[in-house]
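Here the sequence shown is numbered in our numbering, starting from 15 and rising by one per residue.
Just so it is clear, CB atoms sit at the ideal spot from N, CA and C, and this is done for glycine as well.
One structure below.
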Amino acid sequence: MASPSRDSLDTKYGPGLSEYLGEAGYNCSRKMASTLTKVHVADAVKSLVRPECVTYQTFETLMALEWSPVCNHIGLILGDSRVYPLCIKLLRLIHDEDKAILDSAYGFMCLQFMTFALDIAKIAQNDRFGTFQEEISKLSPNRSIRSILNNYSRELEGEGIWRNLGNADKFVHYLGWDWGEDRYRSCLPQVGGCGFVDTMFLLEKLWTERNLFLEAAQVASGIFPGWGGLLYVIWHSVFENLGPDDQPTILATGKE
15 MASPSRDSLD
25 TKYGPGLSEY
35 LGEAGYNCSR
45 KMASTLTKVH
55 VADAVKSLVR
65 PECVTYQTFE
75 TLMALEWSPV
85 CNHIGLILGD
95 SRVYPLCIKL
105 LRLIHDEDKA
115 ILDSAYGFMC
125 LQFMTFALDI
135 AKIAQNDRFG
145 TFQEEISKLS
155 PNRSIRSILN
165 NYSRELEGEG
175 IWRNLGNADK
185 FVHYLGWDWG
195 EDRYRSCLPQ
205 VGGCGFVDTM
215 FLLEKLWTER
225 NLFLEAAQVA
235 SGIFPGWGGL
245 LYVIWHSVFE
255 NLGPDDQPTI
265 LATGKE
C-alpha cells in the first residue's frame with residue numbers, strides 16, 4: 015500500500031503546532047461560525063467515527079459551537095455521539111503513526127474540542143443544560159458563549175467541590191462517577207464516558223510531549239475554553255482509580 019502523500023497529510027493534520035499557534039489559526043472557528051448550520055455540525059460529529067474523514071478542520075467546525083447562533087446546536091455533541099472516546103481513538107491513531115499528538119493543528123484542536131465537550135457534559139451531568147441552552151439562545155449573532163459557560167462552570171465547581179466537602183455522594187455526582195464495563199471508574203457518560211485507560215493514555219502522551227504541551231497550553235490558557243477542565247478530569251480519573259498515596263486502591267497496589 016502506498017504511503018500517504020505529503021499534501022494529503024498536510025490537508026489532514028494541518029500546519030505544525032508552532033505555525034498554527036503563531037498565526038492564531040484557531041480563530042478560523044469564529045470566522046466560519048456564521049456560515050454553519052445544524053447539518054454542518056451534525057456531519058462533523060458523525061465523522062468522528064470515520065477517522066479517514068476527520069481533519070483538523072473538523073475540529074475547527076466543532077469549535078465554532080462557541081459562537082451564536084450555531085451554539086444552539088451544542089446538544090449534538092452529547093448523548094450517543096460518544097465524542098470523548100472517539101477523540102481518544104483519533105489521538106491513538108496519530109500515536110500509531112509515530113507522530114506526536116501535539117505536533118500539528120489536528121491534535122491541538124482535538125484537545126480544544128475535548129475540553130469544550132467535557133465542560134458541556136459537566137453542565138448536563140448536573141441538570142443545568144436546559145437553562146444553559148436557553149440562556150445562550152438569547153445571545154446576539156456572533157457573540158461567544160464564553161462568559162456564560164464560565165459562569166456555569168464556576169458555579170458547578172463551587173457546588174461540587176467546596177460546598178460538598180465531606181459529602182462523598184454529592185462529590186461523586188459532580189462528574190457522575192460510576193463503574194465502567196472495563197471495571198474501572200469512569201465519568202461524564204454524556205460524552206461517552208471518560209474511561210481510566212483512555213485518560214491514562216492521554217496523560218502519558220501529554221507527559222511525553224510536555225514541551226509541546228507547555229507551548230500549546232500557554233496559548234490555550236488565553237483562549238476559549240482553556241484546558242483547566244480537561245486537566246481536572248485527568249487528575250480526578252487518576253485519583254478515583256488509584257486513590258491517594260496513603261490509601262491506594264487495589265488497582266494501584268496490584269493486590270487482589
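Exercise. Thinking glycine 207 and proline 29 are a contact (beta carbons under 8 Å), I'd like their distance in whole angstroms, please.
Key: About 32 Å separates the two Cβ atoms, so there is no contact after all.
Exercise. Would you grab the beta carbon distance between tyrosine 198 and asparagine 255 for me? Rounded to a whole angstrom, and I think it's under 8 Å.
Key: 6 Å
Practice problem: To the nearest angstrom, report how far apart aspartate 110 and glutamine 204 are at their CA atoms. | Solution: 27 Å
Quiz prompt | For aspartate 212 and isoleucine 102, believed in contact at Cβ under 8 Å, the rounded distance | solution = 4 Å
Self-check item: Cutoff 7 Å; reference leucine 116; Cβ partners in own chain excluding five residues on either side
Solution: Leu31, Phe122, Glu223, Leu226, Phe227, Ala230
Quiz prompt | Counted within 10 angstroms of its Cβ, other Cβ atoms place glutamine 232 as buried (16 or more) or exposed | solution = exposed
Self-check item: Test item: CB-CB of phenylalanine 127 and leucine 76 under 7 Å
Solution: yes
Quiz item: Who are the Cβ neighbours of isoleucine 150 in its own chain at under 6 Å, not counting the five residues just before and after it?
Solution: Cys85, Ile159, Ile162
Quiz item: Got a sec, what are the start and stop residues for the alpha helix (DSSP H) serine 61 sits in?
Solution: 52-61
Quiz item: So, aspartate 94 versus proline 239, is the Cβ gap smaller than 7 Å?
Solution: no
Exercise. Excluding the 5 residues preceding and the 5 following glycine 97 in the sequence, name in chain order all residues of the same chain whose CB lies nearer than 8 Å to its CB.
Key: According to the sequence displayed, residue 97 carries valine and not glycine. These residues qualify, in order along the chain: Val59, Leu62, Ile91, Phe127, Met128, Ala131, Val205, Gly206.
Quiz prompt | Cβ neighbours of alanine 135 in the same chain (closer than 6 Å, five flanking residues each side left out) | solution = Leu202, Gln204, Val205
Practice problem: For proline 18, I'd like the list of residues in its chain whose CB is within less than 7 Å of its CB, leaving aside the five on either flank, ordered along the chain. | Solution: Any reading at proline 18 is ruled out, since the residue's pLDDT is 48, under 50, leaving its predicted position unreliable.
Quiz item: What does a CB cutoff of less than 6 Å around alanine 78 pick up in its chain, not counting 5 residues either side in sequence?
Solution: Ser43, Met46, Ala47, Leu50, Val84
Quiz prompt | Through-space distance from glycine 257 to proline 155, alpha-carbon basis | solution = 46 Å
Quiz prompt | glutamate 169: CB within 6 Å of a non-hydrogen atom of the ligand ADP | solution = Of the ligands one can find in the structure shown there are none, so the ligand ADP has no counterpart to examine.
Self-check item: Rounded C-alpha distance that separates glycine 174 from leucine 153
Solution: 27 Å
Quiz item: Relative to the alpha-carbon of tryptophan 241, which residue among Leu217, Val55, Leu125 has its alpha-carbon at the smallest distance?
Solution: Leu125
Quiz prompt | Outcome for alanine 38 when other beta-carbon atoms lying within 10 angstroms are tallied against a minimum of 16 | solution = exposed
Quiz item: Going by Cα to Cα distance, which pick from Thr72, Leu107, Asn41 is closest to histidine 54?
Solution: Thr72
Quiz item: Skipping 5 residues on each side, what residues in its chain have a beta carbon closer than 8 Å to that of leucine 35?
Solution: Phe122, Glu229, Ala230, Val233
Exercise. For isoleucine 237, collect the residues of the same chain with a Cβ closer than 7 Å to its Cβ; drop the 5 residues on either side in sequence, then sort them by chain order.
Key: Tyr40
Self-check item: Option in Cys67, Ile248, Thr145, Lys52 with minimal Cα separation from lysine 26
Solution: Cys67
Practice problem: Count the other C-beta atoms from every protein chain shown that fall within 10 angstroms of the C-beta of alanine 56, then say buried if there are 16 or more, exposed otherwise. | Solution: exposed
Quiz item: When the Cα atoms are used, what is the spatial distance from glutamate 195 to glycine 209?
Solution: 10 Å
Practice problem: Could you check what DSSP says for glycine 209 in three-state terms: helix, strand or coil? | Solution: coil
Self-check item: Nearest residue (CA-CA) to arginine 64, options Ser82, Leu107, Glu33
Solution: Leu107
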